[in-house]
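Colleague: Please see the structure below; I have some questions.
Residue numbers (our numbering): 14 to 202.
This is the structure we're talking about:
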């Protein structure tokens, strides 16, 4: 269950977090499918910059709160890796994102912004979910057959301090920002 600082739990906290996340996505221009397809074509790096910044900020806050004793990491669920299922799901989601120009979150933001293609994409996700559910009895054992390391975070897997990992991610973000910066006089992504 999600708990916000004021003791709010469950559906209300999830709704508030979802609305805040949607507002951030909308502010970043992610309700426009050209933004995501531009990232996939490596011509618009806004998606990478925004999402990588969010990952670094979230990781920093999680480990800072852990180090200050404010967040017991034992209560955070880290799923195990199921390699074949992850590869299949990643490929299907990736193809859907490339064709539709949305991920599930940005499709919801697009729909909330009045874009009907967001609705079409969400209906496609629903249809894909129903198809997967129908196929699950045949592919479920295969999808879970190759289990990766049990419930490890990246720092645990690499045997490195989370601060080293976060520093490396920050260095990568800075490098991408510098490499993709538009020359003076040109609009940047």
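In this text, a Cβ means the ideal position worked out from N, Cα and C, and glycines have one as well.
1) Just how far apart, CA to CA, sit residue 184 and residue 167?
2) State buried or exposed for residue 149, treating a residue as buried only when at least 16 other CB atoms are found within 10 Å of its CB.
3) Would you give the residue range spanned by the alpha helix (DSSP H) that residue 168 belongs to?
4) Measure the beta-carbon distance from residue 69 to residue 182 and round it to whole angstroms, keeping in mind my assumption that it falls under 8 Å.
5) Using 10 angstroms around the beta-carbon of residue 191, count the other beta-carbons present and answer buried if the total reaches 16, otherwise exposed.
6) Which residue comes first and which comes last in the alpha helix (DSSP H) that contains residue 45?
7) Distance check for residue 115 and residue 134, CA to CA, integer angstroms please.
8) Rounded to whole angstroms, what is the Cα-Cα separation between residue 118 and residue 81?
9) In this structure, how does DSSP classify residue 59 when only helix, strand and coil are distinguished?
10) Is it true that the CB of residue 186 sits closer than 7 Å to the CB of residue 65?
11) Comparing alpha-carbon positions, which option in 83, 109 and 120 lies nearest residue 141?
12) Tell me the DSSP bridge mates of residue 160?
13) Please classify residue 52: is it buried, with 16 or more other beta-carbons within 10 angstroms of its beta-carbon, or exposed?
14) So what does DSSP say about residue 174, is it helix, strand or coil?
15) Within the chosen definition, does the region 89-102 reach the region 27-46 through at least 3 CB pairs nearer than 8 Å?
16) Could you check whether residue 124 and residue 131 sit closer than 7 Å to each other, using their CB atoms as the reference points?
17) For residue 48, count neighbouring C-beta atoms within 10 Å of its own C-beta (all shown protein chains included) and say buried if the count is 16 or more, exposed if not.
18) Using the rule of at least 16 other Cβ atoms within 10 Å of the residue's Cβ for burial, across every protein chain shown, is residue 43 buried or exposed?
19) The alpha helix (DSSP H) that contains residue 117, what's its start and end?
20) How would you call residue 163, buried or exposed, if buried means at least 16 neighbouring beta carbons within 10 angstroms?
Modeller: Answer, in terms of the structure:
1) The residue you call residue 184 lines up with position 171 of the chain shown. The residue you call residue 167 lines up with position 154 of the chain shown. Using only the alpha carbons, I get a separation of about 17 Å.
2) The sequence position of residue 149 within the chain shown is 136, counting from 1. With fewer than 16 other beta carbons inside 10 angstroms of its own, residue 149 counts as exposed.
3) Within the chain shown, numbered from 1, the residue matching residue 168 stands at position 155. According to the DSSP assignment, residue 168 belongs to the alpha helix (DSSP H) that extends over 167-171.
4) In the chain shown, residue 69 corresponds to position 56, counting from 1. In the chain shown, residue 182 corresponds to position 169, counting from 1. The beta carbons of residue 69 and residue 182 sit about 5 Å from each other, so the pair counts as a contact at 8 Å.
5) To locate residue 191, count along the chain shown from 1; it is residue 178. It counts as exposed.
6) Taking the first residue of the chain shown as 1, we reach residue 45 at position 32. Counting along the chain, residue 45 falls outside any alpha helix (DSSP H), and DSSP gives it neither H nor E.
7) Mapped onto the chain shown, residue 134 falls at position 121. Mapped onto the chain shown, residue 115 falls at position 102. A straight-line Cα-Cα distance of about 7 Å links residue 134 and residue 115.
8) The residue given as residue 118 occupies position 105 in the chain shown. The residue given as residue 81 occupies position 68 in the chain shown. Using only the alpha carbons, I get a separation of about 32 Å.
9) Reading the chain shown from its first residue, position 46 is the one you call residue 59. Annotated three-state conformation of residue 59 is helix, per DSSP.
10) In the chain shown, the residue the question calls residue 65 occupies position 52. In the chain shown, the residue the question calls residue 186 occupies position 173. For residue 65 and residue 186, yes; Cβs fall inside 7 Å.
11) As a position in the chain shown, residue 141 is number 128, starting the count at 1. It is 109 whose Cα lies nearest to the Cα of residue 141.
12) Residue mapping note: residue 160 aligns to position 147 of the chain shown, counting from 1. Residue 160 is bridged to 95.
13) Here residue 52 corresponds to residue number 39 of the chain shown, with the count starting at 1. Taking all protein chains in view, the Cβ of residue 52 is crowded by 16 or more other Cβ atoms within 10 Å, so the residue is classified as buried.
14) Position 161 of the chain shown, counted from the start, is the residue given in the question as residue 174. Coil.
15) Too few Cβ pairs lie closer than 8 Å, so no.
16) Within the chain shown, the letter at position 118 stands for residue 131. Within the chain shown, the letter at position 111 stands for residue 124. Against a cut-off of 7 Å, the Cβ pair of residue 124 and residue 131 comes out as a contact.
17) Residue mapping note: residue 48 aligns to position 35 of the chain shown, counting from 1. Classification for residue 48: buried.
18) The residue given as residue 43 occupies position 30 in the chain shown. Buried: at least 16 other Cβ atoms inside 10 Å.
19) As a first step, residue 117 must be located in the chain shown, where it is residue number 104. Note, residue 117: alpha helix (DSSP H), 117-125.
20) In the chain shown, counting from the first residue as 1, residue 163 sits at position 150. So residue 163 ends up on the exposed side.
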